[in-house]
Amino acid sequence: MGTEQDINHQMKVVTGDSGYVLEDVPHLADYIPDLPTYPNPLRSNPAYSVVKQYFVDMDDTVPQKVVVHKDGPRGVHFRRAGPRQKVGIIVSEEYYWDSLMSYYGFAKIVTSLRQVYFDSDEVHACIVTCGGLCPGLNTVIREIVCGLFHMYGVTQVIGIDGGYRGFYSKNTIPLTPKVVNDIHKRGGTILGTSRGGHDTMKIVDSIQDRGINQVYIIGGDGTQKGAAVIYEECRRRGLKVVIAGIPKTIDNDIPVIDRSFGFDTAVEEAQRAINAAHVEAESAENGLGVVKLMGRYSGFIAMYATLASRDVDCCLIPESPFYLGGEGGLFEYVEKRLKENGHMVIVIAEGAGQELLSQFLQSTNEQDASGNRVLQDVGLWISQSIKDYFKQRKIAMTLKYIDPTYMIRAIPSNAADNVYCTLLAQSCVHGAMAGFTGYTSGLVNGRQTYIPFNRINERQNKVVITDRMWARLLSSTNQPSFLGPKDIIEVRKEEQPPNRLLDGENGKDDKPGN
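Convert by adding 1 to the 1-based position in the sequence shown; the result is the number in the numbering used here.
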C-alpha cells in the first residue's frame, strides 16, 4: 500500500485494503527532525489517569461515510482526536503501517509511551477569533485556556486582540483560568474580532518574535484559509509552531463536519422570532409574518428553524430558486394560503432570491473586508413586493417583518453548544500537544477528528434540495418546490461533484435522491 503527500503539505493520504483511505493531518516531525518528547502530564492527572481507555490509539480513525454498500469501498477516514498515549506506533497491520511509518520516518519499534511534543513550561500559546460573531466563541476560548492549564499545566496563554491584524498591532490579552472563568455566560468574544487584516508575513513574523509555538485560530471558511497559509509559512521557515483551527460559522456552511458550534443556539433562538411572527399573523385578518434569518450561501438555519417551528408555511433559501409572479409562483401560493388559513408565516434566508432581487434593484459589487459580497435586504424587498401585489389586487392584508439577525449572533451559547465547544477545544489542545499541526478540530459522524485544512477549505457546505431533509421540509410546510422539471435536472447537475466517493445526510457529500 502506498502513501501520497499533498503538494502543499496540507494533507497526507494513506491507503489500505477494501478502499480504505486515511486523509491525515501534518505533524511537526514531518519537517523538524529529532524532535524531543516529554512525559504526558495527563498520566499523573487525577482527573484523567483513572479513566479507562482515555488515551486514543494511534490507529483510531473515523469514517466520513456512515452508510456503506456491501461491495463498496470503506471510503475516506480522518484521524480521531484526543490525547495520545504513544509517540511511536505499534505495528499491527504490516501493509498499512509500513507505508505510514515510512512517511513519518519512524522506526518499526515502540518508542516512549505517554509522551507529548511540548514541555508544559515551554508552551507559549495564543488564541485569536476572526470574522463575525457566533454563540459559543467565549466558551471555546475558555475551554482552550482551561484545557491547557488543567490538563497540561500550561500557564503562558495570550489572546490576540481584534482578529488577524492584532498579531502585528501588538495587541495581546493575558489569559488565565481566572480571567476566563465566567466568560461563557456572555455573548460575543472577549478578544474582539474583525474581518480581513490577513498579512501572512507580518503574522508569522509576530508569532516568531513573540516566541509563540501554539496558535489556536477560531473562525469560518475565510479564517481557516488564512490559517492554512500561516501553517505553510511556518513550515517553510521550519518553526516548531502548531497551527490549529476551530471552525466557526453560524450558517453551518463548513464542509465535512457534522455541524459548527453556535448553530444549535441560532436555530433555538430563531424560534422566538418565528413564534412572534406567527402570533402577529394569527392575530390579524390576512396576517402575514416574514422572518429573515442568517444564511448568506447556505440555508441551514432557515431550514432547521422551519422544521423545528411547525408554524412556518414557506421557507426560502439560497439553494432553492423561486419566482414571484405567474402560475405556481410565490404570490399565488401566499394568496392561496391566506384564503385557506387566514394567516401565514414566511422564513427567508438572507442570501435567498438575490439574483431575483437584482433584476428589480440596482445590483452592487460591493464587498466586505472578508471578500463577501454585500447582500441587499431580501426580507424588506420581498415584504414590499407582497404588499404591492395584494394592493394591486385590492385585497386587504397585514404584514409584519422581523429581522433578528444580530440578536441571534450576540447571545451566549445554549447547553448543547456549550458541551460541543468544550469537546472541540479540548480535542484541539490534545492535538497540539501531540505535535499535530495544520488541522481543524471537528465532529465527523459524532466523533471528534483532526481534519486537514484543505478539506475544510475546498468548498462550502450547502443544503441539497434533492435530498431527504429538504423533502421533509416541503412535506412539513406543504409549500411548492418552485422548481420545474428542467430546474431539477440543472440542480442535480450542479450538486453532483466529480469523482464522488461519499454519500450521506444533507450537506455532507450527499448523493441526490438518497
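Don't be surprised by glycine CBs; every beta carbon is placed ideally from N, CA and C.
Distance between N462 and N46 (C-alpha atoms, nearest Å): Rounded to whole angstroms, the separation of the alpha carbons of N462 and N46 is 39 Å.
Cα-Cα separation between C147 and P178, rounded to whole angstroms: C147 and P178: Cα-Cα distance of roughly 5 Å.
Cβ shell of L308 (< 7 Å), same chain only, five flanking positions each side left out: R473, L474, S477, listed in sequence order.
Reduced DSSP category for G160 - H, G, I as helix; E, B as strand; rest coil: Three-state DSSP puts G160 in a strand.
Same chain only: Cβ atoms within 6 Å of Y21, ignoring 5 sequence neighbours per side: Correct list, in chain order: R75.
C-alpha gap between Q65 and R456, whole angstroms: Taking the straight line joining both Cα atoms gives about 12 Å.
Closest Cα partner of G198 within the set R187, T224, G189, N182: Comparing alpha-carbon positions, the option among R187, T224, G189, N182 lying closest to G198 turns out to be T224.
Element boundaries [beta strand (DSSP E), containing F79]: For F79, the enclosing beta strand (DSSP E) begins and ends at 76 to 81.
Whole-Å CB distance - E320 paired with I466, under 8 Å assumed: That belief holds up - the Cβ atoms of E320 and I466 are roughly 5 Å apart, short of 8 Å.
C-alpha distance - S299 paired with R311, whole-angstrom precision: Computed Cα separation, rounded: 21 Å.
Straight-line Cα distance separating Y55 from K87: Unreliable placement is indicated for K87, whose pLDDT of 49 sits below 50; no coordinate value is reported for it.
Residues near G106 by beta carbon distance below 6 Å, same chain, minus five either side: Bear in mind that the predicted position of G106 carries a pLDDT of just 37, short of 50, making it too unreliable to give a figure here.
Proximity of F483 and Y324 at Cβ, strictly below 8 Å: Contact: yes.
Same chain, Cβ closer than 6 Å to V243, five either side skipped, listed in chain order: Spatial neighbours of V243 in its own chain (CB-CB distance under 6 Å, excluding positions within 5 residues in sequence) are listed in chain order as Q215, A433, T438.
The stretch 148 to 165 contacting the stretch 117 to 124, beta-carbon criterion three pairs below 8 Å: Contact holds: three or more Cβ-Cβ distances are below 8 Å.
Alpha-carbon spacing of G17 relative to G443, whole angstroms: Here the C-alpha atom of G17 lies approximately 24 Å from the C-alpha atom of G443.
For G73, the nearest candidate out of N458, S19, D120, K337 (CA to CA): Out of N458, S19, D120, K337, S19 has the C-alpha closest to the C-alpha of G73.
Buried or exposed (CB count within 10 angstroms, at least 16 for buried), V68: Classification of V68: exposed, given that the 10 Å Cβ count is below 16.
Proximity below 8 Å, CB of Y32 to CB of G246: Not a contact, by the Cβ cut-off of 8 Å.
Opening and closing residue of the alpha helix (DSSP H) in which E281 lies: Run containing E281: 264 to 283, per the alpha helix (DSSP H) assignment.
Own chain residues within Cβ distance below 8 Å of E459, not counting five before or after: Result list for E459: P256, in chain order.
Residues near E144 in its chain [Cβ-Cβ closer than 7 Å; skip 5 each side]: Within the same chain, E144 has close Cβ partners C422, T423, A426, Q427.
For V205, the first and last residue of its enclosing alpha helix (DSSP H): 201 to 211 is the span of the alpha helix (DSSP H), which, as asked, contains V205.
Pick from F168, S261, V117, M59 that is closest to N446, judged by C-alpha positions: Per the Cα distances, S261.
Own chain, CB closer than 6 Å to H344, minus 5 neighbours either side, in chain order: Within the same chain, H344 has close Cβ partners A282, E283, G288.
CB contact flag (S207, R166, <8 Å): Cβ distance not < 8 Å, so S207 and R166 don't count as in contact.
Contacts around G329, its chain only, beta-carbon distance under 8 Å, and the 5 residues preceding and following it disregarded: The answer, listed in chain order, is P481, F483.
F539 to T130 span [Cα, whole Å]: Residue numbering for the chain in the displayed model covers 2 to 515; residue 539 lies beyond these limits and cannot be assessed.
Distance CB(K249)-CB(G290) smaller than 8 Å: No; because the gap between Cβ atoms is not below 8 Å, this pair is not in contact.
Coil, strand or helix - F168 by DSSP: In this structure, F168 counts as helix in the three-state DSSP scheme.
Environment of D468 [buried if 16+ CB atoms lie within 10 Å]: Here D468 is buried, its C-beta having at least 16 other C-beta atoms within 10 Å.
Proximity winner among F301, K401, S384, relative to W471 (alpha-carbon distances): Scanning F301, K401, S384 for the CA closest to the CA of W471 turns up F301.
Rounded C-alpha distance that separates V464 from N415: Straight through space, the alpha carbons of N415 and V464 are spaced by roughly 24 Å.
Distance, I275 Cα to T140 Cα: Going from the Cα of T140 to the Cα of I275 covers about 27 Å.
C-alpha gap between P136 and A417, whole angstroms: So the two alpha carbons sit approximately 11 Å from each other.
Euclidean distance between Cα positions of K226 and F454: Those two C-alpha atoms are separated by around 7 Å.
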